[in-house]
Structures are given as structure tokens and as C-alpha cells.
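J.: Below is a structure I'd like to ask you about.
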Amino acid sequence: LAAWQEFNDDYLLDIDRTAAQITVHYPKIDDATARLTELVRTEQSCCAFATWAIDTTHPDLRLSVTGTDDALAALTFLEQTPAPATKESVQ
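Here it is as C-alpha cells:
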């Protein structure tokens, strides 16, 4: 969880939630992509009750996690509130 908190502290821009999906937005930069890929690889092995996908087809980097309400509720590290992004924080 510490790795997620550090990553989100560094890069979290926004979070969109629906009943069956959480979409987390990050800046599309090399470090964020590499770190997110490693975090998702770990989560796919330990948290297979949810489906994890990284989407690079938008101007920002997006993590989409889908699952049941109960499954998504277990992912408390994705409940962090984004800090206001500054130009310096995403370079």
C-alpha cells in the first residue's frame, strides 16, 4: 500500500467512480507509466477479484479497475483524494 500511496502522491490527477468501475487519471509521462505498470502487475496477482487495465489512448494515463461493489470497496488505496496538480508536479 505504501507504493500506491507514494505513486498517488506523486501523480494522481483525478478519480472517477461508478458502481462497477474506478478510473484513476495520471499524467502520461514515462515515469508514471513505468511505475503504474509495475503496480498493476502486482495487483493482478494478488487482487484478481478485480480487473485491472491501463489505458494510454487518452491525453492522460488511465487506470481502470472493474469489479463488484464489494470488490472495489476493498481497494481503499484508490480512495485517495487527488492533490491539485501543478505544472512542476507533472514534469
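Residue numbers for the sequence shown follow the numbering used here, beginning at 79 and rising by one.
Glycine included, C-beta positions come from ideal geometry on N, C-alpha and C.
These numbers were taken from a predicted model, which means no experiment stands behind them.
#1: What is the DSSP secondary structure of residue 126, counted as helix, strand or coil?
#2: Output needed for residue 122: all residues of its chain with C-beta closer than 8 Å, excluding positions within five of it in sequence on either side, in chain order.
#3: Which residue or residues does DSSP assign as beta-bridge partners of residue 104?
#4: Does residue 144 come out as helix, strand or coil in the three-state DSSP assignment?
#5: Nearest-angstrom Cα distance between residue 135 and residue 117?
#6: Can you give me the Cβ contacts of residue 144 inside the same chain, cut-off strictly under 7 Å, excluding the 5 residues immediately before and after it?
#7: Between which residues of its own chain and residue 155 is the CB-CB distance below 8 Å, once the five residues before and five after are set aside?
T.: Based on what the coordinates show:
#1: coil
#2: 130
#3: 139
#4: strand
#5: 19 Å
#6: 98, 99, 128, 129
#7: 79, 82, 83, 86
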